[in-house]
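Okay, so the sequence shown: first residue is 1 according to my numbering, each after it adds one.
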Amino acid sequence: MIRRSFYKHDVHCAADGCDVPVGRGRIYCRGHYYSLTDALRSRLWAAWRKAMDARRGYTPTDVQAQANRAYHEAFLACQQHLSRDPLPAHAVSVSDSVAVQGMEARR
1 MIRRSFYKHD VHCAADGCDV PVGRGRIYCR GHYYSLTDAL RSRLWAAWRK
51 AMDARRGYTP TDVQAQANRA YHEAFLACQQ HLSRDPLPAH AVSVSDSVAV
101 QGMEARR
(Lines of atoms letter the chains of each structure in order from A and count residues from 1; the text may use other names and numbers.)
(Lines give C-alpha, C1' and ligand atoms only; values in the text may rest on other atoms or scores of the structure.)
Protein backbone atom coordinates (compact mmCIF):
# COMPACT_ATOMS: atom_id res chain seq x y z
CA MET A 1 0.00 0.00 0.00
CA ILE A 2 1.30 3.45 -0.93
CA ARG A 3 0.91 6.15 1.69
CA ARG A 4 0.29 9.60 0.39
CA SER A 5 2.25 12.37 2.01
CA PHE A 6 -0.24 15.12 1.27
CA TYR A 7 -3.52 16.05 2.80
CA LYS A 8 -6.55 17.89 1.51
CA HIS A 9 -5.26 21.20 2.85
CA ASP A 10 -1.51 20.99 2.28
CA VAL A 11 -1.43 24.21 0.25
CA HIS A 12 -1.75 27.74 1.62
CA CYS A 13 -3.23 30.86 0.05
CA ALA A 14 -0.78 32.50 -2.36
CA ALA A 15 -1.47 36.01 -1.05
CA ASP A 16 1.46 37.49 0.84
CA GLY A 17 1.13 36.97 4.57
CA CYS A 18 -1.95 34.73 4.35
CA ASP A 19 -1.60 31.35 6.04
CA VAL A 20 -5.11 30.07 5.31
CA PRO A 21 -4.93 26.47 4.07
CA VAL A 22 -6.62 25.84 0.75
CA GLY A 23 -7.11 22.56 -1.05
CA ARG A 24 -4.87 21.29 -3.81
CA GLY A 25 -5.63 22.93 -7.13
CA ARG A 26 -6.63 26.18 -5.46
CA ILE A 27 -4.59 29.33 -5.38
CA TYR A 28 -6.27 31.80 -3.03
CA CYS A 29 -8.54 31.62 -0.03
CA ARG A 30 -12.11 32.79 -0.56
CA GLY A 31 -11.48 36.26 0.83
CA HIS A 32 -8.48 36.99 -1.35
CA TYR A 33 -9.97 35.41 -4.46
CA TYR A 34 -13.14 37.47 -4.30
CA SER A 35 -11.23 40.64 -3.48
CA LEU A 36 -9.78 40.44 -7.00
CA THR A 37 -11.67 42.27 -9.72
CA ASP A 38 -13.78 40.25 -12.13
CA ALA A 39 -11.36 41.10 -14.93
CA LEU A 40 -8.37 39.78 -12.97
CA ARG A 41 -10.19 36.58 -11.98
CA SER A 42 -11.25 36.00 -15.60
CA ARG A 43 -7.73 36.67 -16.88
CA LEU A 44 -6.19 34.32 -14.31
CA TRP A 45 -8.68 31.55 -15.07
CA ALA A 46 -8.34 31.89 -18.86
CA ALA A 47 -4.53 31.89 -18.66
CA TRP A 48 -4.55 28.85 -16.36
CA ARG A 49 -6.84 26.96 -18.76
CA LYS A 50 -4.59 27.75 -21.73
CA ALA A 51 -1.48 26.70 -19.80
CA MET A 52 -3.09 23.39 -18.80
CA ASP A 53 -4.30 22.75 -22.36
CA ALA A 54 -0.79 23.40 -23.66
CA ARG A 55 0.55 20.65 -21.39
CA ARG A 56 -1.66 18.04 -23.04
CA GLY A 57 -0.92 16.32 -26.29
CA TYR A 58 1.82 17.35 -28.67
CA THR A 59 1.94 21.09 -28.12
CA PRO A 60 5.20 22.66 -29.27
CA THR A 61 7.52 23.81 -26.51
CA ASP A 62 7.40 27.46 -27.55
CA VAL A 63 3.58 27.45 -27.35
CA GLN A 64 3.77 25.88 -23.89
CA ALA A 65 6.27 28.51 -22.77
CA GLN A 66 4.08 31.31 -24.11
CA ALA A 67 1.03 29.95 -22.25
CA ASN A 68 3.06 29.57 -19.05
CA ARG A 69 4.32 33.16 -19.34
CA ALA A 70 0.77 34.44 -19.84
CA TYR A 71 -0.35 32.57 -16.72
CA HIS A 72 2.61 33.89 -14.73
CA GLU A 73 1.82 37.46 -15.83
CA ALA A 74 -1.83 37.04 -14.82
CA PHE A 75 -0.75 35.67 -11.44
CA LEU A 76 1.64 38.58 -10.89
CA ALA A 77 -1.13 41.05 -11.78
CA CYS A 78 -3.31 39.43 -9.11
CA GLN A 79 -0.48 39.57 -6.58
CA GLN A 80 0.10 43.26 -7.33
CA HIS A 81 -3.60 44.00 -6.90
CA LEU A 82 -3.64 42.19 -3.56
CA SER A 83 -0.53 44.02 -2.34
CA ARG A 84 -2.10 47.40 -3.19
CA ASP A 85 -5.44 46.54 -1.59
CA PRO A 86 -4.77 44.08 1.26
CA LEU A 87 -7.64 42.18 2.80
CA PRO A 88 -8.25 42.60 6.54
CA ALA A 89 -7.18 39.53 8.51
CA HIS A 90 -10.66 39.03 9.98
CA ALA A 91 -12.18 38.77 6.49
CA VAL A 92 -10.52 35.43 5.75
CA SER A 93 -11.94 32.24 7.22
CA VAL A 94 -9.80 29.11 7.54
CA SER A 95 -12.60 26.84 6.32
CA ASP A 96 -13.33 28.86 3.19
CA SER A 97 -11.31 28.34 0.05
CA VAL A 98 -12.00 28.88 -3.59
CA ALA A 99 -10.78 27.09 -6.66
CA VAL A 100 -8.88 28.94 -9.31
CA GLN A 101 -11.86 28.13 -11.49
CA GLY A 102 -14.05 30.37 -9.38
CA MET A 103 -16.03 27.51 -7.90
CA GLU A 104 -16.83 27.32 -4.22
CA ALA A 105 -15.06 24.67 -2.20
CA ARG A 106 -17.01 21.62 -1.09
CA ARG A 107 -18.05 21.49 2.53
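Note that beta-carbon positions come from the ideal geometry of N, C-alpha and C, so glycine has one too.
Notebook entry, point to check: How long is the line joining the alpha carbons of H72 and Y34, rounded to whole angstroms?
Noted result: On the sequence shown, residue 72 is found 72 positions in, with the first residue counted as 1. On the sequence shown, residue 34 is found 34 positions in, with the first residue counted as 1. Going by the C-alpha atoms only, they are around 19 Å apart.
Margin query: Pairs of beta-carbons, one from the segment 43-50 and one from the segment 66-80, closer than 8 Å: are there three or more?
Written below: yes
Note to self: Does the contact criterion of 3 or more C-beta pairs under 8 Å hold for the segment 54-69 versus the segment 14-28?
What the structure shows: no
Next item on the list: Please name the residue or residues paired with V22 in a DSSP beta bridge.
Entry: Numbered from its first residue, the sequence shown carries residue 22 at position 22. Paired residue(s): V11.
Next item on the list: Give every residue of the same chain whose Cβ lies closer than 7 Å to the Cβ of C123, excluding the five residues on either side of it in the sequence, and list them in chain order.
Entry: Here the chain has residues from 1 to 107 only, and residue 123 is not among them.
Notebook entry, point to check: Apart from the five residues just before and just after C78, which ones in its own chain have a Cβ nearer than 7 Å to its Cβ?
Noted result: Here residue 78 refers to the residue found at position 78 when the sequence shown is read from its first residue. Only L36, L40, L44 meet the Cβ criterion.
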